[in-house]
Amino acid sequence: MQASALITRRTLDQLEEDIISLSTHINATEYEFLVLVREFDLRQGWKAYHFNSCAEWLNMKCGIAPGTAREKIRVANALFDLTATSLAFQKGDLSYSKARSLTRIATPQNEEQLLDYAIPATALQVEDHCRELRNVQRDTSTVDANRLHQQRFLSRSLHGDGSMTISVELPRESGELVMKALELALKEMELNPDTFEGEAIETEIEDSHLAKQADALVQMAKGYLAGGKDKKSSTADHYQVMVHVDEEVLRHSATETSKSDLPCETIRRLCCDSGIVVVSQDKKGNPLNVSRKHRVVQPPLKRALLARDKCCRFPGCTHEKWLDAHHVEHWADGGETSLDNTILLCSKHHRLLHEG
Numbered sequence: 004m005q006a007s008a009l010i011t012r013r014t015l016d017q018l019e020e021d022i023i024s025l026s027t028h029i030n031a032t033e034y035e036f037l038v039l040v041r042e043f044d045l046r047q048g049w050k051a052y053h054f055n056s057c058a059e060w061l062n063m064k065c066g067i068a069p070g071t072a073r074e075k076i077r078v079a080n081a082l083f084d085l086t087a088t089s090l091a092f093q094k095g096d097l098s099y100s101k102a103r104s105l106t107r108i109a110t111p112q113n114e115e116q117l118l119d120y121a122i123p124a125t126a127l128q129v130e131d132h133c134r135e136l137r138n139v140q141r142d143t144s145t146v147d148a149n150r151l152h153q154q155r156f157l158s159r160s161l162h163g164d165g166s167m168t169i170s171v172e173l174p175r176e177s178g179e180l181v182m183k184a185l186e187l188a189l190k191e192m193e194l195n196p197d198t199f200e201g202e203a204i205e206t207e208i209e210d211s212h213l214a215k216q217a218d219a220l221v222q223m224a225k226g227y228l229a230g231g232k233d234k235k236s237s238t239a240d241h242y243q244v245m246v247h248v249d250e251e252v253l254r255h256s257a258t259e260t261s262k263s264d265l266p267c268e269t270i271r272r273l274c275c276d277s278g279i280v281v282v283s284q285d286k287k288g289n290p291l292n293v294s295r296k297h298r299v300v301q302p303p304l305k306r307a308l309l310a311r312d313k314c315c316r317f318p319g320c321t322h323e324k325w326l327d328a329h330h331v332e333h334w335a336d337g338g339e340t341s342l343d344n345t346i347l348l349c350s351k352h353h354r355l356l357h358e359g
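First residue of the sequence shown? That's 4 in this note's numbering, and the numbers climb one at a time after it.
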């Protein structure tokens, strides 16, 4: 069948109207589906089929992948206490994607305010907004940070054509650090192409950016094997990526409107030994003033810490590489950035003291 045979006599405006109308019906139907699933789960209807959970039943009977099924059950249960959110979802004003994000942060007390933002916003904007709000809640953000840390992995798959697929999942701050290293390696390769090993292959097609990133990853590995692994801690910044956080989040005095790119305890860990830029904003979030970047731990203090501690100060740990300066009493809580109030910790134990 030719593509032209699939084109109807509808105008583009009619097509758009029909798609939006159908999407509204899908939203409403999805809500009714979740209501039924919740009742079926509560009544343990899945036990009659000898399944271990409702998610397994949904996987078998409705063709929903187990992970997706578990999430739908979570959303269905969360909606039970969210009257306004449920009503918007039932009317079709709210998509499942938006409802899914809202149920991670909404309460009967704040759902009206969240809906005012969510209904006109895009699904991605709602997801980011809810994540930023959740990150400032100390208890939930610490749980999230530990979950992300525990879920990290790297795996490889070998293929018959001689290629290999490497898959990796990391907490966001670690992933950004890897991408920053790739960016720097790629820039170095572009500036000095003759200094890097590799077979020159004649081709009329220029390598894509993705292909160049793969080359940069290989060069990073070569640099490590060639002696980079011997590099110890220095006074240079380990993080050169931008992370945004409201000041009150650092001080554990967050309000309902406070936001953070990462879980608050992760932010506090990164801020122990990093560069800080203060941005003053008006009530609408427009920047009024941007300060100069300043190091929390100045190079002379970092050198003094390296001379005094020599390795991670956590009991029994002897790691000498990639050490962070940790504030015994965090500077955001009034602690001094001094030799007496700082110690060196390896990445593992620094994370342990902050995120648990």
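Built from N, CA and C at the ideal position, the CB exists for glycine as well.
Distance check for residue j and residue i, CA to CA, integer angstroms please.
{"i": "residue 58", "j": "residue 38", "result": "15 Å"}
{"i": "residue 17", "j": "residue 10", "result": "13 Å"}
{"i": "residue 137", "j": "residue 342", "result": "34 Å"}
{"i": "residue 129", "j": "residue 92", "result": "14 Å"}
{"i": "residue 40", "j": "residue 309", "result": "58 Å"}
{"i": "residue 218", "j": "residue 161", "result": "18 Å"}
{"i": "residue 354", "j": "residue 97", "result": "38 Å"}
{"i": "residue 176", "j": "residue 119", "result": "30 Å"}
{"i": "residue 95", "j": "residue 83", "result": "17 Å"}
{"i": "residue 166", "j": "residue 273", "result": "37 Å"}
{"i": "residue 76", "j": "residue 109", "result": "16 Å"}
{"i": "residue 184", "j": "residue 325", "result": "15 Å"}
{"i": "residue 204", "j": "residue 210", "result": "In this prediction, residue 204 has a pLDDT of 43, which is less than 50 and means its spatial position is unreliable; what the coordinates show is noted afterwards. Spanning the two alpha carbons is a distance of roughly 11 Å."}
{"i": "residue 147", "j": "residue 43", "result": "29 Å"}
{"i": "residue 164", "j": "residue 15", "result": "45 Å"}
{"i": "residue 251", "j": "residue 315", "result": "30 Å"}
{"i": "residue 90", "j": "residue 194", "result": "57 Å"}
{"i": "residue 45", "j": "residue 56", "result": "11 Å"}
{"i": "residue 186", "j": "residue 123", "result": "36 Å"}
{"i": "residue 206", "j": "residue 246", "result": "At residue 206 the pLDDT is 48, less than 50, meaning the model places this residue with poor confidence and gives no usable figure here."}
{"i": "residue 47", "j": "residue 54", "result": "10 Å"}
{"i": "residue 228", "j": "residue 71", "result": "41 Å"}
{"i": "residue 359", "j": "residue 135", "result": "21 Å"}
{"i": "residue 346", "j": "residue 253", "result": "20 Å"}
{"i": "residue 66", "j": "residue 52", "result": "16 Å"}
{"i": "residue 212", "j": "residue 290", "result": "33 Å"}
{"i": "residue 383", "j": "residue 23", "result": "Coverage of the chain is limited to positions 4 through 359, which leaves residue 383 absent and any answer about it impossible."}
{"i": "residue 307", "j": "residue 117", "result": "48 Å"}
{"i": "residue 154", "j": "residue 180", "result": "17 Å"}
{"i": "residue 312", "j": "residue 30", "result": "59 Å"}
Please tell me whether residue i and residue j are closer than 9 Å, where the distance is taken between their beta carbons.
{"i": "residue 271", "j": "residue 152", "result": "no"}
{"i": "residue 69", "j": "residue 86", "result": "no"}
{"i": "residue 278", "j": "residue 296", "result": "yes"}
{"i": "residue 300", "j": "residue 275", "result": "yes"}
{"i": "residue 215", "j": "residue 182", "result": "no"}
{"i": "residue 12", "j": "residue 21", "result": "no"}
{"i": "residue 264", "j": "residue 248", "result": "yes"}
{"i": "residue 349", "j": "residue 139", "result": "no"}
{"i": "residue 78", "j": "residue 106", "result": "yes"}
{"i": "residue 121", "j": "residue 104", "result": "yes"}
{"i": "residue 114", "j": "residue 145", "result": "no"}
Quickly, what does DSSP pair residue i with across the bridge? List them, please.
{"i": "residue 282", "result": "293"}
{"i": "residue 349", "result": "326"}
{"i": "residue 263", "result": "248"}
{"i": "residue 298", "result": "278"}
Between the Cα of residue i and those of the options, spot the shortest distance and give me the residue it belongs to.
{"i": "residue 226", "options": "94, 338, 188", "result": "188"}
{"i": "residue 150", "options": "173, 140, 136, 131", "result": "173"}
{"i": "residue 168", "options": "103, 93, 220, 303", "result": "220"}
{"i": "residue 330", "options": "344, 63, 336, 324", "result": "344"}
{"i": "residue 101", "options": "127, 76, 293", "result": "127"}
{"i": "residue 73", "options": "125, 60, 134", "result": "60"}
{"i": "residue 336", "options": "315, 327, 255", "result": "255"}
{"i": "residue 156", "options": "190, 178, 147, 125", "result": "178"}
{"i": "residue 132", "options": "76, 19, 116, 262", "result": "262"}
{"i": "residue 63", "options": "75, 26, 49", "result": "49"}
{"i": "residue 292", "options": "302, 303, 280", "result": "280"}
{"i": "residue 298", "options": "312, 328, 317, 323", "result": "328"}
{"i": "residue 333", "options": "269, 307, 313", "result": "269"}
{"i": "residue 362", "options": "46, 53, 99", "result": "What is shown of the chain runs 4 to 359, which leaves residue 362 out entirely."}
{"i": "residue 223", "options": "30, 190, 212", "result": "190"}
{"i": "residue 318", "options": "340, 29, 352", "result": "352"}
Next item on the list: For the segment 74-102, list the alpha helix (DSSP H) runs that are entirely contained and at least 4 residues long, ordered along the chain.
Entry: For the segment 74-102, whole alpha helix (DSSP H) runs of length 4 or above, ordered along the chain, are 86-93.
Next item on the list: With a floor of 4 residues, list each alpha helix (DSSP H) that falls wholly inside the segment 104-186, ordered by position along the chain.
Entry: Uninterrupted alpha helix (DSSP H) stretches at least 4 residues long and entirely within the segment 104-186 occur at 114-121, 126-138, 141-153, given in chain order.
Next item on the list: Tell me the start and end of each unbroken alpha helix (DSSP H) in the segment 16-85 that is at least 4 residues and wholly inside, in chain order.
Entry: Qualifying alpha helix (DSSP H) stretches, in chain order: 57-64, 69-82.
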